[in-house]
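Colleague: In mature numbering (1 follows the signal peptide of the UniProt record, and there is no 0), the protein residues as written are -23 to -1, 1 to 467.
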């Protein structure tokens, strides 16, 4: 059994060595965006290879760690051979190692509708002697698999080799981080060798992304523990108030909640801000939230924002609010992932009305400007892209890049609703997404089209350039970073 120290046991001597041995992070050139869960390895000829989640495990290479990084293709262009259900499978979190003369790439095979409460997952492996595109052979599952009754979740693999023996470290949430002995060659797990390495018994057991390495006489296990932005906002208690002390301004950022959950979070943040003397609140809202209609008559997506804006106004606090138009980024990341599911069609209800879609990055820059006080207080700004564009124009452009042969279909609202109900799409985000390829509910899809069709997103503002000094990104300039996940004919 491997002996290890968890990250909490690291001593100052190791931290001093690490701090002295590595330079501060530097700039990256080339394709450096949309890179999730990267794994980097250097080939003998000096070429660096970067593997990342998405697009069948995207592969980029560069002559140096700083770049320029260039997209080369996919390890699994046709997807993983692992099938755990009747729907689409995704490949995540690659981990690449050279053992002998062979490169082994381990990946998490998960349903394309992950995060829905199910643990159907497996650790897969592909091998190559060169890492060149087209040289990878998918061997399928290593035998490390999980289902709803498993004590572990079979994702986030990490290979560790010691004294000629290979171990697989893996796990996410559930009962923690696990280890299993791998056979020789390391393409399958040895039976009856599973062991639990780390477990946080309290809360939601938020441990994942483990990595083990050896230093001196010990093996060190690093892993992520905790959740982002995880203040307990169920009540405006001491922890929440403490987080507001000496803060000016405060910006509430919602978790993935709709309805009372999101509204209560915002109310508690506003209450704590008042109790601790905060003077100003900054808030990111959505187009349509400024409606003068009763809240229950506001469209689905801006409804919570409409409620929260009025809570801010009623608080007496100074404020800056930005209402973002729909993100350009959502089209390849969310909408396009349904096109295969809908028989190679994009079904919309925008009725031929264009919208000034905005880049998510521009919205972030504007928010930074608001935090710095560059906008007059107690004002609301609309954040838009540079020009109104038609959904069909974006659809045609994306397909001209990928070669995808598909049909654009603009449907009446009720016809589109009936179609999605018939395909099993939930009406809200808390429904069952196990039969559909994306986590966008009927309310999301219909509201996006309705907001375009009623002209709410037709307006163009100078907010981005005025507050950031940069012209807003057009959709072509912004969406090229996602070209590797543009749909293609199967």
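For each residue, glycine too, the CB sits at the ideal point set by N, CA and C.
1) Rounded C-beta distance between residue 6 and residue 40? I'm assuming under 8 angstroms.
2) Using the DSSP secondary-structure output, state which residues sit across from residue 145 in a beta bridge.
3) Helix, strand or coil for residue 324, going by three-state DSSP, please let me know.
4) Tell me the rounded alpha-carbon separation between residue 428 and residue 455.
5) Which residue or residues does DSSP assign as beta-bridge partners of residue 82?
6) Please name the residue or residues paired with residue 46 in a DSSP beta bridge.
7) Can the beta-carbon of residue 505 be found less than 9 angstroms from the beta-carbon of residue 312?
8) In this structure, how does DSSP classify residue 343 when only helix, strand and coil are distinguished?
9) Using CA atoms only, rank isn't needed, just tell me which of 80, 156, 178, 177 is closest to residue 169.
10) What first and last residue would you give for the alpha helix (DSSP H) that runs through residue 318?
11) Which of the three DSSP states is assigned to residue 20 in this structure?
12) Which residue from 363, 387, 364, 360 puts its Cα closest to that of residue 372?
13) Compute the Euclidean distance between the alpha carbons of residue 17 and residue 404, then round it to the nearest angstrom.
14) May I ask you to report which of helix, strand or coil DSSP gives residue 400?
15) Applying the 10 Å Cβ sphere with the 16-neighbour rule, what's the burial state of residue 190?
16) Leaving out five residues before and five after residue 420 in sequence, what residues of the same chain have Cβ atoms less than 7 angstroms from its Cβ?
17) Let me know if residue 309 comes out buried or exposed under the rule of 16 or more other beta-carbons within 10 Å of its beta-carbon.
18) Considering only the beta carbon of each residue, do residue 468 and residue 367 sit closer than 9 angstroms?
19) Got a sec? Which residues, its chain only, sit under 6 angstroms from residue 23 by beta carbon, not counting five neighbours each side?
20) I want to see whether chain B comes within less than 9 angstroms of residue 236, judged by CB atoms only; does it?
21) According to DSSP, what are the bridge partners of residue 173?
22) Return the first residue and the last residue of the beta strand (DSSP E) that residue 385 is part of.
Modeller: By the coordinates alone:
1) Residue 6 to residue 40, Cβ: 11 angstroms. No contact.
2) 136, 157
3) strand
4) 22 angstroms
5) 73, 103
6) 7
7) With the chain covering -23 to 467 only, the question about residue 505 has no answer from this structure.
8) helix
9) 156
10) Note, residue 318: premise wrong, no alpha helix (DSSP H); not H, not E.
11) coil
12) 387
13) 41 angstroms
14) coil
15) exposed
16) 277, 404, 405
17) buried
18) Residue 468 lies beyond the stretch modelled for the chain, which goes from -23 to 467, so this question has no answer here.
19) none
20) Looking for chain B here will not work: only one protein chain is present.
21) 155
22) 384 to 387
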